[in-house]
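Note sheet for the following structure.
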Amino acid sequence: MKKKIAVIGYGGQGGWHCKQILKSDVAELAGIYDINPARGQLAKEDNIHVYESADALLKDTDIDAVVVATPNDSHKELVIRALNAGKNVICEKPVEVSVEAFDEMCAAAERAGKLFTVHQNRRWDVDFLAMKQIIGSGQIGDVIRIESRIHGSRGIPSDWRGTKAQGGGMILDWGVHLIDQVLQLFEKDKIQKVYCNTTNITNKEVDDGFRLNLYFENGKTAYIEVGTYNFLAMPRFYLQCENGSALISDWTKKAHVAKLKAWNEKDVLPVQTAAGITKTMAPRDEVTLDEYDIERPLSDVHDFYRNFCAALDGKEEMLITHKQVRRVLRVMELAFESSEQGQAVDCNV
Ligand SMILES: NC(=O)c1ccc[n+]([C@@H]2O[C@H](COP(=O)([O-])OP(=O)(O)OC[C@H]3O[C@@H](n4cnc5c(N)ncnc54)[C@H](O)[C@@H]3O)[C@@H](O)[C@H]2O)c1
């Protein structure tokens, strides 16, 4: 039987959840509640049931689960209220701004004996899945470094995302996705050092971008960058491995792989530059390098709800676990700490 899900917050993302749940093969939409009556009115016009209050929604015994899709500063209170009311909960990202607050939410879930997870939906992004596939297949060997970037040019949105008290800023908005993705790729490697610079080009109160370096044990590194003032974008992903490299130039593009066939070269054609010739930096040819694209992996965002509903029935483990979410939050805390101190911070995360 389909699970009944209600959504708190009918803004951009709450609207997205409603649209998906209405098409879902495992869930149906019970209704929404939004603190802003105008948003409630819009939901009514979309033929969606609107609860009069959060309490009315939480008292509805027909509801199996609640999605919390409100601004970041309201997540903790709403999630704990929903759990205490006996509901299972999906919370939007970032679940909270601190590990401490998240632990309070997990403790409430534990007490209530309810499922509580976070919508880290960019684990289903095709570009990320392509990187995961290349690394997982071992086709270019072990990872040395991964670089993940998102570049926009319109500054930070002019809503609550520009306000510190509401959990604004790009580390919390986009960083949480990119860090989550990278930590999925480095699930078993401990981070020993974090170094982060934030930018404040269009907004002085919160970061409108950041550059984050993660240093793992065994020498692996990751670089994560979000910019909102980049009029030309850097590649979405760059992967350096022991036997080759891979690059995704843009999230609509296929991954391009360069696989080393032989290290030694006989006749390197030098590149002519104004300062002279270079063989060191000359590109390789097909004798020692294989270059190919990989097909874009298939992805279905509904797999998130399928997994959640199967977990409600005890048939699957939740894919997005508290341990993973806590690790991402800790990295974000360390990123803020490093940026404030202007230096790298040691850790064991
Ligand atoms: N996972 C994703 O891809 C993704 C994408 C966008 C946003 N989000 C997340 O979703 C959440 C909401 O973002 P958004 O872009 O929809 O914001 P939004 O401003 O478009 O919508 C938020 C809505 O919540 C309502 N609201 C505020 N406080 C409330 C309360 N106490 N009770 C009920 N309703 C309340 C507002 O009236 C508004 O309609 C944020 O946590 C954001 O980070 C996630």
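Count along the sequence shown from 1, then add 1185; that gives the number in the working numbering.
We put the CB at the ideal spot given by N, CA and C, even for glycine.
### Task
Give me whichever residues DSSP pairs with ARG1396 in a beta bridge.
ASN1382, GLU1410
### Task
Tell me whether ASN1257 is buried or exposed, calling it buried when 16 or more other Cβ atoms sit within 10 Å of its Cβ.
With 16 or more other CB atoms across the displayed protein chains lying within 10 angstroms of its CB, ASN1257 is buried.
### Query
Mind checking whether ASP1393 and GLY1360 have CB atoms under 8 Å apart?
no
### Query
Can the beta-carbon of LYS1315 be found less than 8 Å from the beta-carbon of ILE1190?
First, the amino acid is wrong: residue 1315 is Ala here, not Lys. In this structure, ILE1190 does not lie closer than 8 Å to ALA1315 by Cβ.
### Message
Within the continuous beta strand (DSSP E) that includes ASN1273, where are the two ends?
### Response
1273-1277
### Query
Beta carbon of GLU1514: closer than 7 Å to some heavy atom of ligand 1?
Just to set this straight, residue 1514 is Leu in the shown sequence, not Glu. Because no heavy atom of ligand 1 lies under 7 Å away, the Cβ of LEU1514 does not count as near it: no.
### Query
To which residues of the same chain is ILE1335 closer than 6 Å at the C-beta, ignoring the five residues directly before and after it?
TRP1359, VAL1411
### Message
According to DSSP, simplified to helix, strand and coil, what is ALA1529?
### Response
coil
### Task
Helix, strand or coil for LYS1204, going by three-state DSSP, please let me know.
helix
### Query
Helix, strand or coil: how does DSSP classify SER1343 here?
coil
### Task
Report yes if the CB atom of ALA1431 is closer than 8 Å to the CB atom of ILE1325, and no otherwise.
yes
### Query
Are any of the Cβ atoms in chain B nearer than 8 Å to that of ASP1327?
Included in the structure is just one protein chain, with no chain B present.
### Message
On a Cα-Cα basis, can you pick out the residue from GLY1225, GLN1526, ASP1312 that is closest to ALA1239?
### Response
GLY1225
### Message
Let me check you understand the geometry: is the CB of PRO1256 closer than 7 Å to at least one non-hydrogen atom of ligand 1?
### Response
yes
### Message
Please tell me whether, using a cut-off of 7 Å, the distance from the CB of LEU1263 to the nearest non-hydrogen atom of ligand 1 is below it.
### Response
yes
### C-alpha gap between THR1465 and LEU1357, whole angstroms
41 Å
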